[in-house]
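Undergrad: Chains as they are written, first to last, in the numbering used here: chain X, 1 to 432; chain B, 433 to 864.
The beta carbon of each residue, even a glycine, is placed where N, CA and C say it ideally should be.
Please read these numbers as outputs of a predicted model, since none were measured by experiment.
(1) Between which two residues does the beta strand (DSSP E) harbouring residue 815(B) extend?
(2) Would you say residue 131(X) and residue 279(X) are within 8 Å of each other, going by their C-beta atoms?
(3) Indicate whether the contact test is met: 3 or more Cβ pairs, each with one atom in the segment 583-591 of chain B and one in the segment 628-645 of chain B, closer than 8 Å.
(4) Distance, Cα to Cα, residue 661(B) vs residue 673(B)?
(5) In chain B, which residues lie with their C-beta within 8 Å of the C-beta of residue 105(X)?
(6) Measuring only between beta-carbons, confirm whether residue 776(B) sits less than 8 Å from chain X.
(7) Does DSSP put residue 324(X) in a helix, a strand or coil?
(8) Under the three-state reduction of DSSP, which class applies to residue 476(B): helix, strand or coil?
(9) Short check: CB of residue 59(X) to CB of residue 520(B), under 8 Å?
(10) Mind checking whether the beta-carbon of residue 377(X) lies closer than 7 Å to any heavy atom of the ligand PLP?
(11) Do residue 636(B) and residue 646(B) have their C-beta atoms within less than 8 Å of each other?
(12) From the DSSP output, in three-state form, read off residue 431(X) for me.
(13) Could you confirm whether any beta carbon from chain B is found closer than 8 Å to the beta carbon of residue 364(X)?
(14) Any chance you could list the alpha helix (DSSP H) runs of at least 4 consecutive residues sitting entirely within the segment 644-692 of chain B, in chain order?
(15) When you check each C-beta in the segment 245-264 of chain X against every C-beta of chain B, which residues fall closer than 7 Å?
(16) Which of the three DSSP states, helix, strand or coil, is assigned to residue 71(X)?
(17) Between residue 266(X) and chain B, is any beta-carbon pair separated by less than 8 Å?
(18) What's the gap between the Cα of residue 514(B) and the Cα of residue 558(B)?
(19) Might you give, ordered along the chain, the residues of its own chain that have their beta carbon closer than 7 Å to the beta carbon of residue 746(B), omitting 5 neighbours on each side?
(20) If you drop the 5 nearest sequence neighbours on each side, which residues of the same chain put their C-beta closer than 6 Å to that of residue 21(X)?
(21) Would the beta-carbon of residue 363(X) fall within 8 Å of that of residue 355(X)?
(22) Can you list the residues of chain X that residue 709(B) reaches, using a CB-CB cut of under 7 Å?
(23) Beta-carbon separation of residue 269(X) and residue 475(B) under 8 Å?
(24) As a quick exercise: from 189(X), 69(X) and 249(X), pick the residue whose alpha carbon is nearest that of residue 790(B).
(25) Residues of the segment 615-643 of chain B with a CB closer than 7 Å to any CB of chain X: list them in chain order, please.
(26) Given that a residue counts as buried once 16 or more other Cβ atoms are within 10 Å of its Cβ, and exposed if not, what is residue 49(X)?
(27) Chain X beta carbons: is any one of them nearer than 8 Å to that of residue 503(B)?
(28) If you measure from the beta carbon of residue 146(X) to each beta carbon in chain B, is any gap under 8 Å?
(29) What residues in its chain sit with their C-beta under 8 Å from that of residue 708(B), if we drop five residues either side in the sequence?
(30) What's the C-alpha gap between residue 493(B) and residue 264(X)?
(31) Give the secondary structure of residue 538(B) by DSSP, where H, G and I count as helix, E and B as strand, and everything else as coil.
(32) Here's the rule: buried if 16 or more other CB atoms are within 10 angstroms of the residue's CB, otherwise exposed. What is residue 737(B)?
(33) In chain X, which residues lie less than 8 Å from residue 583(B) when you measure between Cβ atoms?
(34) Given that residue 325(X) touches chain B, what residues does it touch there, using C-beta distances under 7 Å?
(35) I need the boundaries of the beta strand (DSSP E) containing residue 307(X), first residue and last residue.
(36) In chain order, what residues of the same chain lie with their CB nearer than 7 Å to the CB of residue 691(B), ignoring the 5 residues before and after it?
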């Protein structure tokens with residue numbers, strides 16, 4: 001049926017380099033590349049019949065709802081024990097170093113709870129809209145399913161992501177420095193629709209109006225949101241990545257506040273009150289504010305500014321394949337719009353190359369970038385620098401410290417540096 | 433901190449209808465809607481402190497890799513026992529009736545194996561390119577990671593999806609009639625890149641050249657693909673929905689053949705041979721061909737034509753919320769391009785309304801559609817009809833039977849009918 005296999009050689013493929021020079025420089029023109037290739041012993045993994053080719057594998061009833069294969073058991077959410085006193089009010093981190101593309105697999109998308117992840121049945125779910133509306137209203141889950149819904153993909157970043165790095169390079173891995181982020185496709189009802197259903201006159205003067213949102217868990221995690229944002233693009237989400245929200249992400253209903261800090265995306269959302277001012281709750285005064293050097297705290301710092309990180313190579317993803325072609329990849333995002341460009345530096349910010357965006361940047365969603373390069377064992381100080389559709393450029397850590405000091409843990413969107421050593425290992429460092 | 437909750441009422445929200453008339457007809461103008469709303473007894477689920485609000489929930493160490501909450505245990509892949517003799521060479525079905533958005537959760541994305549799902553470690557993985565190339569080449573998994581990769585979202589539909597429906601309405605649920613489909617974001621290396629790496633002159637005359645692709649499992653599942661398609665948009669995928677491919681979807685590497693029948697998306701791909709003609713293997717002669725009424729079989733019917741299905745309401749998703757506003761939703765796709773329009777009929781195809789696409793159709797990817805309507809207990813014969821960027825319109829079952837007969841099980845892209853009864857239950861039927 002097929003031609004016999006004769007003298008196959010172990011590839012050593014990428015050392016050939018033609019594919020890189022061709023693709024990057026000349027748009028795919030490989031024709032004519034004729035570099036010689038070393039012969040090697042035929043590889044029994046391709047020439048001999050292996051166990052997995054001589055028997056039957058698992059049938060379709062093996063996993064009605066599947067999990068990753070055992071060999072990927074390292075690609076999991078991880079906690080950092082010393083960060084907080086207990087796991088109930090703690091966080092864990094998405095294994096972004098091991099992922100690609102833009103969608104975060106729901107099973108390893110990070111969690112942050114203030115009083116733990118609760119179990120709330122759809123039948124027991126209620127959402128109240130009250131306060132300055134014509135008619136205080138309570139929606140059941142089934143009610144929500146009857147409103148027109150939209151689909152949008154958005155990143156969610158915790159305000160404290162990268163927060164341990166203000167004082168210096170601390171956590172040794174992209175998962176820990178930048179893993180309080182995920183990116184999902186949501187199906188939900190515009191918050192505007194439900195406010196209008198409760199009789200809010202959205203054509204009236206709502207300039208000084210706010211909504212106060214709270215969850216059904218013990219912490220309630222209440223936050224104030226200006227009406228302009230509430231009516232703009234907030235969603236009452238009932239699905240994420242195609243399926244019901246996971247328990248740890250707010251099942252059955254969470255608030256989506258695109259581009260704004262994750263703390264405001266209230267899980268198990270139970271009440272939305274229309275008010276004529278903000279509540280100044282715990283979560284927006286003693287927490288989630290940014291204390292400057294002079295002791296004054298910035299508040300209402302809701303938007304997550306443009307940011308990026310190289311996910312591979314990185315401390316958890318050392319270069320193990322030797323010299324030659326290397327794919328540098330990472331992700332970028334902005335709470336103010338779409339990512340328009342990402343630059344990568346190998347020398348700690350002295351020189352920059354523009355990376356390739358896998359797809360055009362989308363509004364308030366993760367963008368994947370790649371830089372194909374050649375690495376021959378030289379030390380690198382790898383950085384990435386994101387730009388967004390507002391013209392904003394991701395700052396260095398020192399630029400950020402200059403205006404913000406080091407008292408805060410929130411809203412650190414500085415340029416990250418990985419020191420890649422001649423042996424391929426990488427370490428979290430700072431460059432001055 | 434917040435205003436006291438006074439006299440909330442149970443919403444009966446969607447019966448108000450203003451949100452629908454406003455959104456659909458006038459682009460969101462709800463202002464001025466003043467319909468009265470029935471008062472109801474205060475709902476203890478919102479006014480009283482519940483168990484889940486008075487204790488701690490799960491901490492972040494509960495599930496390093498999470499699964500859906502127990503209440504969603506019904507949203508799983510399901511087999512139909514009588515369809516095939518054993519589960520090893522069988523299929524199961526994605527629970528599309530319960531999903532929303534476009535991304536298929538990987539854990540419940542359908543499986544189809546010819547000799548079961550094998551376990552193949554990355555270290556043991558090899559991909560050979562041989563045949564009419566300058567240099568037969570073997571790639572390790574690590575080699576593949578060094579080539580420039582792309583990200584694309586594509587649907588995969590089994591050619592036999594809806595195959596049981598040729599002879600009449602048989603399987604009672606969208607999961608079973610249309611669930612051999614999933615839609616994922618892939619990260620992979622263009623097949624073109626690897627063929628060029630093996631020295632294929634892609635600028636030369638390749639008009640009559642083919643590739644033959646086979647997997648590492650016992651079935652090998654070999655298929656021939658014209659070179660034009662191989663060089664166009666085929667990917668050697670190493671990630672799906674952000675993470676490593678699942679075992680049942682071809683870990684660690686599968687072939688992606690956008691828009692073409694799922695059987696060609698060879699899992700655990702081990703060999704790609706460049707040939708000067710097709711192999712005419714078992715999987716493209718005695719299987720995956722379409723036998724017409726006159727006994728002659730169509731072959732090379734690779735492309736999955738435009739198709740759609742209403743996922744809710746449907747037999748597994750009856751209307752349980754009584755009369756008034758109803759969201760009809762479903763999905764559409766085309767192997768020839770993007771979905772440009774979906775129409776919905778409630779009377780078995782006599783009259784049609786144009787549905788709302790949640791996002792503009794994407795090339796060879798699932799599109800979600802919604803039709804917001806009002807239902808007051810009248811019988812419906814619900815249908816959806818997809819159109820794609822080539823101008824193609826999804827046909828009725830009778831139109832399809834007229835040209836294709838009833839001998840085939842493959843490539844049934846006919847319009848599906850759900851009979852929605854006055855009690856809200858739905859059933860798979862045909863209309864003539």
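TA: According to the data block:
(1) Start and end: 812-820.
(2) Cβ distance not < 8 Å, so residue 131(X) and residue 279(X) don't count as in contact.
(3) With the cut-off at 8 Å, the segment 583-591 of chain B and the segment 628-645 of chain B do not touch.
(4) When rounded, the distance between both Cα atoms is 23 Å.
(5) What residue 105(X) touches in chain B: 538, 673, 674 and 675.
(6) No, no contact with chain X.
(7) Judged by DSSP in its simplified three-state form, residue 324(X) adopts strand.
(8) Residue state, collapsed to three classes: helix.
(9) Yes, the Cβ-Cβ distance between residue 59(X) and residue 520(B) is below 8 Å.
(10) Among the components of this structure there are no ligands whatsoever, and the ligand PLP is therefore not found.
(11) In this structure, residue 636(B) sits away from residue 646(B), with a CB-CB distance that is not shorter than 8 Å.
(12) Note: residue 431(X) maps to coil in three-state DSSP.
(13) Under the Cβ criterion of 8 Å, residue 364(X) is not counted among the residues facing chain B.
(14) Scanning the segment 644-692 of chain B from its first residue to its last, the whole alpha helix (DSSP H) runs of 4-plus residues come out as 659-664.
(15) The residues in question are 246, 247, 248 and 251.
(16) Looking at residue 71(X) - three-state DSSP - the assignment turns out to be helix.
(17) Chain B places no beta carbon closer than 8 Å to that of residue 266(X), leaving this residue out of the contacts.
(18) Taken atom to atom, the span from the alpha-carbon of residue 514(B) to that of residue 558(B) is near 37 Å.
(19) Result list for residue 746(B): 529, 605, 606, 850 and 858, in chain order.
(20) At residue 21(X) the pLDDT is 31, less than 50, meaning the model places this residue with poor confidence; the figure from the coordinates comes in the next sentence. Correct list: empty, nothing qualifies.
(21) No, these two residues do not count as a Cβ contact at 8 Å.
(22) Near residue 709(B) there are no residues of chain X at all, since even the closest Cβ is about 11 Å away, more than 7 Å.
(23) For the 8 Å CB-CB criterion, residue 269(X) and residue 475(B) do not form a contact.
(24) Selected option, being the one with the closest Cα: 189(X).
(25) Answer in chain order: 617, 619, 625, 628, 629, 633, 634 and 635.
(26) Flag for residue 49(X) reads exposed.
(27) With respect to chain X, the C-beta atom of residue 503(B) has a partner C-beta closer than 8 Å.
(28) Under the Cβ criterion of 8 Å, residue 146(X) is counted among the residues facing chain B.
(29) For residue 708(B), where only same-chain residues beyond five positions count, the Cβ hits under 8 Å are 564, 640, 641 and 642.
(30) Looking at the two C-alpha atoms, the distance is approximately 23 Å.
(31) In the structure shown, residue 538(B) sits in a helix (DSSP, three-state: H, G or I).
(32) By the neighbour-count rule (16 or more Cβ atoms within 10 Å), residue 737(B) is buried.
(33) For the C-beta of residue 583(B), the chain X residues within less than 8 Å are, from N- to C-terminus, 100, 101, 102, 358, 359 and 368.
(34) For residue 325(X), the C-beta contacts it makes with chain B under 7 Å involve 578, in order along the chain.
(35) Counting along the chain, the beta strand (DSSP E) containing residue 307(X) begins and ends at 307-312.
(36) Once the five neighbours on either side are set aside, the close Cβ partners of residue 691(B) are 735, 736, 767, 768 and 796.
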